[in-house]
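Following: one structure in structure tokens, then a few remarks.
Number of protein chains: 4
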Amino acid sequence: MPDALAESLWRPQPGLAKRERTRVQLVQAAIQVFTARGFAGATMQELAAVAGMTTGTVYNHFKTKEEVASAVALLLADTLCRRITDSQQGIAEGAQRMAIGNQRYIWLAEQSPQWALMTLDVAAAAPELLLEIRDYVLADLRLGVKQKAFRVPSEAAAMDMINGTIAQAMRSVALGLAPPNHGREVATCVLRGLGMEPAAAKEVAYRPLPPFPPIGEAPAARAKGAARAKRG
Amino acid sequence: MPDALAESLWRPQPGLAKRERTRVQLVQAAIQVFTARGFAGATMQELAAVAGMTTGTVYNHFKTKEEVASAVALLLADTLCRRITDSQQGIAEGAQRMAIGNQRYIWLAEQSPQWALMTLDVAAAAPELLLEIRDYVLADLRLGVKQKAFRVPSEAAAMDMINGTIAQAMRSVALGLAPPNHGREVATCVLRGLGMEPAAAKEVAYRPLPPFPPIGEAPAARAKGAARAKRG
Amino acid sequence: MPDALAESLWRPQPGLAKRERTRVQLVQAAIQVFTARGFAGATMQELAAVAGMTTGTVYNHFKTKEEVASAVALLLADTLCRRITDSQQGIAEGAQRMAIGNQRYIWLAEQSPQWALMTLDVAAAAPELLLEIRDYVLADLRLGVKQKAFRVPSEAAAMDMINGTIAQAMRSVALGLAPPNHGREVATCVLRGLGMEPAAAKEVAYRPLPPFPPIGEAPAARAKGAARAKRG
Amino acid sequence: MPDALAESLWRPQPGLAKRERTRVQLVQAAIQVFTARGFAGATMQELAAVAGMTTGTVYNHFKTKEEVASAVALLLADTLCRRITDSQQGIAEGAQRMAIGNQRYIWLAEQSPQWALMTLDVAAAAPELLLEIRDYVLADLRLGVKQKAFRVPSEAAAMDMINGTIAQAMRSVALGLAPPNHGREVATCVLRGLGMEPAAAKEVAYRPLPPFPPIGEAPAARAKGAARAKRG
DNA sequence: CATGAATGAGCCTTCATTCAT
DNA sequence: GATGAATGAAGGCTCATTCAT
């Protein structure tokens, strides 16, 4: 589990009702079990055991196994988007924001291959994950277009390229099949695919990645902006 | 099942020993069952029943369910690559060959969404599929690079972009989430990502797709050329 | 099933938690099924059916079929040893205790051939059974040695003779191959093999067998004595 | 496989019709497979493969798996008895013959634990084995009685003791549970059980074991003598 | 709410045996 | 007689889900 996310994911949530706290523990346990066994290989009994509860309790919170995947997907997507958005604070250029986002996912796959594979697995089982992330990506895409940095044949085509490429790159990296610097190079390809000049694409993709801010500091103002674009 | 492939896939194979004929029937049955239920949802008993045999027979040919997926993956990859390669007869431009390949996969997802989802499902369960296709894509990529049509940061990055984008586009199309003309537009994005000028990319991507030749005619000479690039 | 054991084996266990009660029922059912079909011929489904439960429940209590055999072995060994030890109350002579033990096993094979064959079958599948009994036999053996009634080349040789002979005699008796009085004569042979004079051996082996006391009466004080010798 | 038996068991049989030769090969293969997997764990397909044949061929020679066990049992018993009898050439004392036989079995378990366990397994699955051996043991027993060396309560009791003790000792030795010199000590116990004086029993059991003669030399005259006693 | 024993449908897999070639 | 593909009945085992306590 990448540290940058671990802090967010495992952080005990104060001020939550007991029911909600139990639910969070279950989702955290599910992440562990999915990471170890994959979604298909995970069992509700192991999930319960890891959470220190019983199967009955799990079913008090989730009607089915799929619903657990859903909850995990939502938590993962939310955490990922929030953290990445926080790290983009103050960056106004759509192209750079896009490059940062793309590379962060690939970077996470380097930091924790197991976790990346689990995320891809969950994304396949619970489409909510991609849907949740979609808005953030779309916001950066549209920003880039508005700033005349991008020119795309269609938003749908661009989104498929971005999502598909990143997913595949995460897999390659997690499986140890990718050469060094893969993140930079993949980001370069994507920026080009979005219509940037080769040189400009490369320059943007090679800018240093802004670090994740300490948890609790970033105003998360951008998150709202992204949310506004939701399903729009 | 898209007609263009059906002919190849279901064609009875003459001159095969009995054992081999049974095996082919089993693989064909597996394709049907995987299409109907997905890999995870398929059962060996249904597979056997659809093939008109017994479970024991299935296990005489495949040690495990995964091995069935493997065989299906190989047949699918082989058929796809052979048919597409055949349709590319006489096309010497790497960029156009790439555009044709990319669009054909997406076109297939339009023609038969179920089949496309099955193929993606099998690809996830049996990595052999992608590996088999890889050589063909790589040959076109290298051809384009040699012809100065493409300029890529790294082959690995380019391949991840191509594979990832096409897979995601197939999914979008199969699920009915893509706008009309998605194939053209996605291909345009990919060509750009490979380093082409926007205008050139669009022009190539919008050329008419060459039809599949009738089965048995194409000399499959290209296939050998591609094979030569194999693992090179 | 010999009455003398049936009372112990089938006696419903009061004051047990639900889980434990279910487990006992399953073991009792297993004894029935093993008796009817042998260990190899027994199936988990029949076991479940006889216990009035489902296969899933069986697997909630025993991970594998072997584990069932183990549980049966332990129960059988425990019951046998406890009942026989109870019947030996107040008998201080090692030689006589040995003769009683030996003859009781053979006597049980007479009373219930099916049950004897099942026990031998389970003993082959689950060595725990013999291991459990071992301590009791060893205690009597050592007692006899201490009392100068026995003189053996080695404990290991003596134990192999005792166990092997009794097992074979049980089989002969259960299969109806043994002449009348087999128990007495086999016991005589064993006592001789342990170093007793022929006349003394015969005399001891022909003493009347003490009856099993009613269940619940015997203080089982001896059991502790035997247990003390455990693995010593 | 103990060398002393290997020579006999694997020796190609000249002057046998083809059918008979095939059969012998199958039995030899069965011995290998039973040794590796046990009777229950052996499959007809592996047996066929090891013999370099097909399952159909196996069924041309044996109606069922049990029949294979039978054939193996007969070959084992015959080989064992013949070789041991050969080694007893010229020994006229029943007690010594008995001691030699007993110790040889235990010695074989030392030489080749796998083989011993296989033999015990086959003996359990095919009672023919013990029945075949029975006559040889019985002959020595009766000889000893006639010579006043033994005095037994009943032949049946004595036979159960001999068979049971040897089988158990073989198991102990094969499993590595027996102390050094176990064969001698067990034989001593058995001789005592047959009525010999402790000192005499020990003396006889500690005489050196006569070696196996080279194959083909021994007239096997005793074998006929033993056979005469068969089922007598 | 939590518990956790029980459920039961159903899956993958094995293998002795048959039979057309 | 040999072949070996096909059979098919069964068996061990899993696990999402329910429900009485």
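Residue numbers (the numbering used here), protein chains in the order written: chain A, 1 to 232; chain B, 1 to 232; chain C, 1 to 232; chain D, 1 to 232. Cβ atoms here follow ideal geometry from the backbone N, Cα and C, with glycine treated the same way. Since the structure is predicted, the reported quantities are computational estimates derived from the model, not experimental observations.
- Contiguous alpha helix (DSSP H) elements confined to the stretch 157–217 of chain A occur at 182–193, 198–205, taking only those with 4 or more residues.
- Across the set Leu117(B), Arg171(B), Gly56(B), Gly144(B), the C-alpha of Arg171(B) shows the shortest separation from the C-alpha of Leu130(A).
- DSSP, reduced to helix, strand and coil, places Glu155(D) within a helical segment of the structure shown.
- By the Cβ rule, the stretch 131–149 of chain C counts as touching the stretch 86–106 of chain C, because three or more pairs are nearer than 8 Å.
- For Glu46(B), the secondary structure class from DSSP, reduced to helix, strand or coil, is helix.
- Chain-order list of chain C residues neighbouring Asn163(D): Gln168, by C-beta distance under 7 Å.
- Pairing Leu194(B) with Ala158(B) gives a Cβ-Cβ distance under 8 Å.
- The Cβ of Val186(B) sits closer than 8 Å to at least one Cβ of chain A.
- One alpha carbon belongs to Leu74(C), the other to Glu128(C), and they sit about 7 Å apart.
- Here Met53(D) carries a coil assignment [DSSP, helix/strand/coil].
- For the pair Phe212(B) and Ala4(B), the CB atoms are nearer than the 8 Å cut-off.
- The shortest C-alpha to C-alpha distance from Arg104(A) to any of Met118(A), Ser87(A), Ser8(A), Val204(A) is the one to Ser87(A).
- By the rule that beta-carbons nearer than 8 Å mark a contact, His182(C) touches chain D.
- Thr79(C) is positioned such that its CB atom lies no closer than 8 Å to that of Tyr136(C).
- Per the C-alpha coordinates, the member of Val33(A), Lys65(A), Val173(A) positioned closest to Leu108(A) is Val173(A).
- By the Cβ neighbour-count rule, Leu175(A) is exposed, with fewer than 16 other Cβ atoms within 10 Å of its own.
- Relative to Ala69(D), the option among Ala29(D), Glu20(D), Thr55(D), Ala92(D) whose CA is nearest is Ala29(D).
- A straight line joining the alpha-carbon of Thr165(C) with that of His61(D) spans about 37 Å.
- Residues of chain C whose Cβ lies closer than 8 Å to the Cβ of Ser154(D) are, in chain order, Pro179, Asn181, His182, Glu185.
- Shown here for Leu76(B): same chain residues with a beta carbon closer than 7 Å to its own, the five before and five after excluded, namely Thr119, Val122, Leu129 in chain order.
- Residues of the stretch 99–127 of chain D with a C-beta atom less than 8 Å from some C-beta of chain C are Ala124, listed in chain order.
- A direct Cα-Cα distance of roughly 43 Å separates Gly183(B) from Arg23(A).
- When only Cα atoms are considered, Ile162(B) and Ala40(D) end up about 54 Å apart.
- DSSP assignment within the stretch 104–129 of chain C yields the following whole alpha helix (DSSP H) runs of 4 residues or more, N-terminal first: 113–125.
- Taking 8 Å as the cut-off, the Cβ atoms of Ala48(D) and Thr57(D) count as close.
- CA-to-CA, the gap between Ala71(A) and Gln111(A) works out to about 23 Å.
- Rounded to whole angstroms, the gap between the alpha carbons of Met196(D) and Tyr206(D) is 14 Å.
- Rounded to whole angstroms, the separation of the alpha carbons of Cys81(C) and Glu93(C) is 17 Å.
- Taking CB atoms only, Pro198(D) has a neighbour in chain C less than 8 Å away.
- Membership of Glu66(B) in the alpha helix (DSSP H) is indicated by the continuous run 65–87.
- A direct Cα-Cα distance of roughly 43 Å separates Ile31(B) from Ala51(C).
- The alpha-carbon separation between Glu185(D) and Lys202(D) amounts to approximately 8 Å.
- Taking a Cβ-Cβ threshold of 8 Å, the residues of chain B close to Val190(A) are Met161, Gly193, in chain order.
- For Glu20(A), the enclosing alpha helix (DSSP H) starts and ends at 18–41.
- With contacts defined as CB atoms closer than 8 Å, Pro179(B) and Ala156(A) qualify as a contacting pair.
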